[in-house]
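*Asks:* Sharing a structure here in structure tokens format.
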Amino acid sequence: MPRRKQGGLDYIASMPWPFGLVLGVVAFLAIRYGIGWYFSTAGGPALKGTGELALGGAFTPLAWIVLAMCWVAALASYLKQHQRKVLLDAQSGLDSLRNISWREFEMLVGEAYRRQGYRVEEQGLGGADGGIDLILFKDGQTILVQCKQWRARQISVSTVREMWGLLAHHSADGVKIVCANAFTRDAAAFAEGKPIELVSGQALVSLIQSGQEAPRSARSRIAPKLEAEAIPRCPRCSKAMVRRTNRADGKVFWGCSDYPRCKGTRPAHA
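Letter by letter, the sequence shown follows residues 283 to 552 of the working numbering.
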């Protein structure tokens, strides 16, 4: 499968940011101490001399450089992850989808599928108008994704045919075509019965909303509401009830909060 050429730092930056941090530490220890130890114990006289130099600190500057490069890539990964998170959580509907750039649209689609448990590779092969934009991996399957942010035009059957050809060419398991609008009838008819999923703008909004994190203020309102709903009402006066303990048998029950004026009760399991 063709891919955009990636350097080592690009690859590290595309991984979760903790990977870059750990890799930097491992590389530092390997260069600063591992090379010297290996050469001094497993090599001949010439290599032992190199090993002694390495143990003496000859490779220390290189070790620090590699550590710094890995951590810079990890920082880039963290910032990009944060950008994707903010972008997805800020979406509120079709209008917001259509008001971002095509590159942000691709990033948004990728993050939406990450939150559904997919591993996502951003290809950058399609540009603004076609090709493979993302590759999804999950449960041993490979899915090709094309993103279309056309605001006014519906996605035609030619786009679906193109991706069908790419699926066969790359031996992928399926295709997803994601747009901010809708698909023509011919496009839907061509995709029927094939491993091609057409994700319309409205379906994408639903996908995004299923992965959005609830604002902290909303979460703080949910718990008191659930707690209030769990407290039963008195069957006599409809006031809130409180848990009480029967002094005779020690059993817990619900008693009216207006006791002794109201003596309504409920079993504790009700």
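Ideal Cβ positions, reconstructed from N, Cα and C, are used throughout, including at glycine.
#1: Helix, strand or coil for Arg526 per DSSP?
#2: Does the region 317-335 come close enough to the region 430-450 to have 3 or more Cβ pairs within less than 8 Å?
#3: Is the CB-CB distance between Met523 and Arg543 below 8 Å?
#4: Residues in the same chain with beta-carbon distance under 6 Å from Ala295, minus the five sequence neighbours each way, listed in chain order, please.
#5: Where do the N-terminal and C-terminal ends of the beta strand (DSSP E) with Pro549 fall, by residue?
#6: State buried or exposed for Ala394, treating a residue as buried only when at least 16 other CB atoms are found within 10 Å of its CB.
#7: Under a three-way DSSP split, which group does Lys362 fall into?
#8: Mind checking who Leu480 pairs with in its DSSP beta bridge?
#9: Can you give the Cα-Cα distance for Arg367 and Lys420, rounded to whole angstroms?
#10: Excluding the 5 residues flanking Ala550 on each side, which residues of the same chain have their C-beta closer than 8 Å to its C-beta?
#11: Taking DSSP as the reference, what is the three-state secondary structure of Trp536?
#12: Counting beta carbon pairs with one atom in the region 314-334 and one in the region 373-381, are three or more of them shorter than 8 Å?
#13: Measuring only the C-alpha atoms, how far is Pro298 from Ala340?
#14: What do you reckon, are the CB atoms on Val442 and Ile414 nearer than 8 Å?
#15: CA-CA distance, Asp292 and Ile513?
#16: In whole angstroms, what is the alpha-carbon distance linking Val427 and Cys516?
#17: The beta strand (DSSP E) spanning Thr323 covers which residue range?
#18: Starting from Arg433, follow the alpha helix (DSSP H) in both directions and report where the run begins and ends.
*Replies:* A quick look at the data gives this:
#1: strand
#2: Too few Cβ pairs lie closer than 8 Å, so no.
#3: no
#4: Ala355, Ala358, Ser359
#5: 547-549
#6: buried
#7: helix
#8: Ile459
#9: Contrary to the premise, residue 367 reads as Lys rather than Arg in this sequence. So the alpha carbons of these two residues sit roughly 20 Å apart.
#10: Arg525, Lys533, Val534, Phe535, Trp536
#11: strand
#12: no
#13: Using only the alpha carbons, I get a separation of about 32 Å.
#14: Contact: no.
#15: 55 Å
#16: 57 Å
#17: No beta strand (DSSP E) holds Thr323; the alpha helix (DSSP H) holding it covers 317-324.
#18: Per DSSP, Arg433 lies in no alpha helix (DSSP H) segment and is marked neither H nor E.
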